[in-house]
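Order-wise, the sequence lines are chains A and B. Counting in my numbering, the first sequence runs from 3 upward without gaps. Counting in my numbering, the second sequence runs from 185 upward without gaps.
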Amino acid sequence: MKKVYINSVASISAQKTFDNTQFLEDVCSYEEIVLPVVSPNYKDYIPAAAARRMAKGIKMGVVASKLALEEAELENVDAIITGTGMGCVRDSEKFVSAIIDNDEQYLTPTSFIQSTHNTVGGQIALGIGCKGYNFTYVHSSNSFESSLLDAKLMLQNNEANSILIGGVDELGTHTTKLHQVVNHIKTDIDNSLDVLKSNTEGAVFGEGANFFTLGNEKKDSVYAEVVGVKMYNTLKTPIKNLTEQFLSSQNIAIADIDLVILGNNGDVTFDANYDELTSSIFVSTQQAYYKHLCGEFNTASSFGFWLASKILKNQDLPKVTMLNDVNTSSFKYVLLYNQYRDQNHSFTLLRKC
Amino acid sequence: MSKGVAITGMGIISAIGNNVSENYKALIEGKKGVSKISKINTIHKDAIMVGEIDFTNAAFEDQLGLSADNNYSRTAMLGIVAAKEAIKDAGITDINKYSTGLISSTSVGGMDMTEQYYYEYLEKETHRKYIDSHHAGDSTQRIAEHLGIEESLVTTISTACSSAANAIMLGARLIKSGELDRVVVGGKDCLSKFTINGFKTLMILSDTYNTPFDENRKGLNLGEAAAYLVLESDKIVKAENKKVLAYVKGYANANDAFHQTASSENGDGATLAMEKALKVAGLHPSEIDYINAHGTATGNNDLSEGRAIGRVFGNDVPDFSSTKPYTGHTLAAAGAIEAVYSVLALQNNIVYPNLNFKTQMKEFDITPQTELKEKELQNVLSNSLGFGGNCSTVIFSKSQ
């Protein structure tokens with residue numbers, strides 16, 4: 003079986019991440035319960051006329067994918083695999099409200115077309131003329147991990163040599179309101195960076211696009227190797243036992259893990275699994291978190307994957323992501339664990355190249 | 185990468201039947217499930233026809249034994265009915281005896297409830313329970329729960345109208361690569377105002393029965409349905425001495441990279457998908473005995489797909505037909521519905537008629553099979569083509 007490498011990364015998030023020469027040096031904090039992305043100048047990458055018609059999710063996905071392809075010096079790829087929880091949800095909102103407000107009359111197709119979940123993957127393919135495999139996964143907090151697993155299988159088995167994968171989701175006003183009325187979103191927050199200290203129900207929501215090129219050959223730009231990824235729809239085994247099972251299936255010991263990156267979002271009802279890990283098997287391991295930087299969304303874990311990739315390449319852990327400080331200075335194995343509302347749990351294991 | 189992928193169980197619910205045997209009976213009797221819409225109060229009800237399932241949501245809740253405070257979308261309920269039949273058909277009593285995953289697909293997800301209570305959610309608490317069931321992955325999670333699939337790989341694919349074919353493809357790859365021993369694969373979509381109006385704005389809904397590959401075709405009829413197949417590894421088949429219904433022999437997905445919704449005139453993506461699937465299957469085009477076409481009866485699809493079939497099969501085009509006149513176009517479920525029909529075709533050595541066909545298309549000289557035909561079948565090819573240029577082909581075979 004071939005090895006799988008992360009050859010390039012690109013991130014559009016609530017932080018200034020689209021400039022890949024930076025690494026969370028200048029951190030943005032927010033007082034809002036939803037964190038919009040710091041947008042690049044989309045017109046630098048997409049013709050203005052096309053950009054005007056595009057949904058935000060498409061723009062974010064198209065630009066992030068361009069940045070990832072550029073860094074890996076690729077003009078095309080063998081496959082494009084996208085993860086998105088809700089797709090271009092603003093267009094879904096537009097179309098539903100237009101149906102209701104106008105009693106199913108005077109509708110135009112644009113928002114219906116863009117509401118289709120695979121519209122971002124389709125637009126990327128259209129933009130670069132990629133006639134290869136094109137899948138879109140839409141499974142809540144495992145949308146991105148599904149893309150990663152699919153790409154990994156394909157590269158390991160040499161069914162493809164280079165694959166673009168990504169996670170993308172956009173915030174929609176009405177959808178945000180719906181999540182507020184059922185307390186999936188916190189009622190208020192003083193500083194998004196302190197979200198883990200909130201001690202309240204719900205999360206701070208966000209949006210973003212994190213794209214990567216994976217290959218079964220290492221490029222000069224390589225960030226890390228993808229060792230393993232595993233998903234669980236539900237949990238019945240205690241999380242620390244499941245973590246041990248996963249690591250032993252990869253022939254890795256707890257002590258081999260130099261850094262564990264967790265998907266805590268500060269929701270008191272659902273952060274227990276993370277707390278169990280940080281206080282038990284990983285108590286003396288360096289721990290990091292990221293949802294205070296990017297917010298919670300279905301593909302927020304793709305930001306975690308971006309973070310892990312950058313840490314492994316730069317051998318540098320940004321202070322703002324540290325959950326504890328055990329004075330780790332070199333990073334070989336990084337483990338990511340994420341879940342949302344106690345469903346769709348995942349482990350991703352990366353290794354330094 | 186040399187392992188076989190056996191189909192050992194199937195389940196389906198569509199406008200022509202509530203299970204596999206009812207569907208097969210309707211197929212051979214030429215009984216259409218397309219009619220005027222009755223369960224959704226749309227202003228287009230006199231201008232469209234749909235493939236609607238008879239049961240109301242309340243009837244499904246009753247059948248599935250759901251409590252009064254359940255928050256299942258219709259999509260989830262259709263999926264559970266079909267997936268449970270598939271598990272039963274495969275003779276599975278202990279689902280966790282082997283590592284079992286679920287790969288499902290949907291395009292509308294819980295949109296039926298979202299559009300119904302969209303503004304009301306903010307005003308009143310009554311229906312807020314449905315907010316959780318809006319996203320596409322929810323219906324898949326519910327199916328997993330009803331099948332008893334725990335702590336396993338469960339995911340959802342949404343690539344518009346090729347979604348379920350892609351779920352079958354991923355399931356087959358997971359078994360071939362040894363990632364899982366058993367995967368339940370398929371798709372589900374209910375009717376909604378969202379899709380009715382969406383396709384209406386694209387002006388591709390027919391006001392009468394859809395007529396695939398007909399010169400005078402007027403567009404598609406939407407349908408609602410769900411279908412699931414149980415895929416099992418050689419290991420399980422051997423250990424449990426399982427009866428194999430058919431094998432997933434080949435598969436491929438390719439992108440047309442032509443337009444966000446329309447297919448290229450020459451069907452580049454569909455051609456690539458069929459060619460790659462034949463290669464994966466190790467079959468020559470002449471070994472395909474029947475093509476269950478995507479054949480939605482839109483002007484664009486049938487031209488593009490027909491040309492692609494011509495490009496792949498040359499002067500030797502096998503019998504082909506679209507079963508959309510029976511069920512309507514069931515969107516993300518279509519690939520699974522037609523997978524069940526393809527396996528039934530293999531089992532019974534039957535080619536289904538392409539109903540409603542009258543006039544030969546001008547652009548090419550290939551003609552669908554219009555009468556029920558009995559003949560020995562070894563390999564059936566099924567196409568599913570979707571928005572975003574998404575083109576998929578799956579090949580089902582009697583032998584491994």
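Yeah, the Cβ is synthetic: ideal placement off N, Cα and C, and Gly gets one too. A quick note: this is a predicted structure, and the numbers were derived from the prediction, not measured.
Below 7 angstroms CB to CB, which residues in the same chain sit around residue i once its five sequence neighbours on both sides are set aside?
| i | result |
| --- | --- |
| B:Asp325 | Residue 325 of chain B is actually Gln in this sequence, not Asp. Excluding sequence neighbours, B:Gln325 sits near Val338. |
| B:Ile315 | Tyr305 |
| B:Thr551 | Gln544 |
Report all residues from its chain with a CB closer than 8 angstroms to the CB of residue i; omit the five preceding and five following residues, and keep chain order.
| i | result |
| --- | --- |
| B:His468 | Leu462 |
| B:Ile590 | Missing from the structure shown is residue 590 of chain B; chain B here goes from 185 to 584 and no further. |
| A:Ser99 | His176 |
| B:Leu556 | Ile212, Gly214, Ile534, Val535, Tyr536, Pro537 |
| B:Met185 | In this prediction, B:Met185 scores a pLDDT of 45, lower than 50, which makes its location untrustworthy; no coordinate-derived value is stated. |
| B:Lys268 | Gly195, His330, Leu331 |
| A:Ser348 | Ser143, Asn144, Glu147, Val231, Lys232, Met233, Tyr234, Ser303, Leu338, Tyr339, Asn340, Gln341 |
Against chain A, does residue i count as a neighbour if the rule is that its beta carbon must be under 9 angstroms from one of theirs?
| i | result |
| --- | --- |
| B:Gly570 | yes |
| B:Gly321 | yes |
| B:Asp398 | no |
| B:Lys384 | yes |
| B:Gly453 | yes |
| B:Lys187 | no |
| B:Asn425 | no |
| B:Asn381 | yes |
| B:Asn350 | yes |
| B:Met458 | no |
| B:Thr478 | Per the sequence shown, residue 478 of chain B should be read as His rather than Thr. No, because no Cβ of chain A sits closer than 9 angstroms to the Cβ of B:His478. |
| B:Lys463 | no |
| B:Ala356 | no |
| B:Ile341 | yes |
| B:Ser470 | no |
| B:Leu286 | yes |
When the cut-off is 9 angstroms and only beta carbons count, does residue i lie next to chain B?
| i | result |
| --- | --- |
| A:Tyr234 | yes |
| A:Gln252 | no |
| A:Val184 | yes |
| A:Phe248 | no |
| A:Cys132 | yes |
| A:Val36 | no |
| A:Val170 | no |
| A:Asn275 | no |
| A:Tyr135 | yes |
| A:Glu106 | yes |
Who are the Cβ neighbours of residue i in its own chain at under 6 angstroms, not counting the five residues just before and after it?
| i | result |
| --- | --- |
| A:Tyr311 | It should be pointed out that residue 311 of chain A corresponds to Ser in this sequence rather than to Tyr. Hits under 6 angstroms: Ile8, Val11, Tyr225, Ala226. |
| A:Val197 | Val206, Gly268, His294 |
| A:Gly169 | Gly85, Phe146, Asn212, Thr301, Ser304 |
| A:Thr138 | Thr84, His119, Asn120, Gly123 |
Residue i and residue j look like a contact to me (Cβ under 8 angstroms); what is the Cβ gap, rounded to whole Å?
| i | j | result |
| --- | --- | --- |
| A:Asn144 | A:Gly123 | Contact flag wrong, Cβ pair sits at about 17 angstroms. |
| B:Lys460 | B:Leu530 | Not really, about 21 angstroms apart at Cβ, beyond 8 angstroms. |
| A:Phe307 | A:Leu338 | 7 angstroms |
| B:Ala517 | B:Ala260 | Contact doesn't hold; Cβ gap of about 13 angstroms is too wide. |
| B:Leu413 | A:Asp152 | About 19 angstroms; that fails the 8 angstroms criterion. |
| A:Ile82 | A:Cys132 | 6 angstroms |
| B:His478 | B:Asn484 | Not confirmed; about 11 angstroms, so no contact. |
| B:Thr482 | B:Ile388 | 5 angstroms |
| B:Val234 | B:Gly407 | 6 angstroms |
Any heavy atom of the ligand MG inside 8 angstroms of the beta-carbon of residue i?
| i | result |
| --- | --- |
| A:Ala153 | What this structure holds is no ligand at all, so the ligand MG is not there to describe. |
Inset, instruction - Would you mind listing the alpha helix (DSSP H) stretches within the segment 186-272 of chain A that are 4+ residues and don't spill past its ends, in chain order? - result: 241-251
Inset, instruction - Let me know the beta strand (DSSP E) ranges lying completely inside the segment 248-280 of chain B, each 3 residues or longer, listed in chain order. - result: none
Legend entry - Completely contained beta strand (DSSP E) runs for the segment 390-438 of chain B, where each covers 3 or more residues: 409-417
Inset, instruction - Taking only runs that begin and end inside the segment 98-128 of chain A, name each unbroken alpha helix (DSSP H) of 4 or more residues, in chain order. - result: 111-117
Legend entry - Stretch-stretch touch, CB-based, cutoff 8 angstroms, three pairs: the segment 469-478 of chain B with the segment 427-438 of chain B: no
Legend entry - Segment contact flag, the segment 419-429 of chain B with the segment 206-219 of chain B, C-beta cutoff 8 angstroms, min 3 pairs: no
Inset, instruction - With a floor of 4 residues, list each alpha helix (DSSP H) that falls wholly inside the segment 483-522 of chain B, ordered by position along the chain. - result: 483-497, 508-511
Legend entry - Stretch-stretch touch, CB-based, cutoff 8 angstroms, three pairs: the segment 13-29 of chain A with the segment 310-328 of chain A: yes
Inset, instruction - Could you tell me whether the segment 47-57 of chain A touches the segment 25-34 of chain A, using the rule of 3 or more Cβ pairs below 8 angstroms? - result: no
Inset, instruction - Could you tell me whether the segment 280-299 of chain B touches the segment 372-388 of chain B, where touching means 3 or more Cβ pairs closer than 8 angstroms? - result: yes
Inset, instruction - Would you be able to state if there are at least three C-beta pairs under 8 angstroms between the segment 34-49 of chain A and the segment 324-332 of chain A? - result: no
Legend entry - Whole runs of the beta strand (DSSP E) within the segment 188-213 of chain B, excluding any shorter than 3 residues: 189-197
Legend entry - Completely contained alpha helix (DSSP H) runs for the segment 319-343 of chain A, where each covers 4 or more residues: none
Legend entry - Three or more C-beta pairs below 8 angstroms linking the segment 500-510 of chain B and the segment 396-403 of chain B: yes
Inset, instruction - Could you tell me whether the segment 241-259 of chain B touches the segment 274-288 of chain B, where touching means 3 or more Cβ pairs closer than 8 angstroms? - result: no
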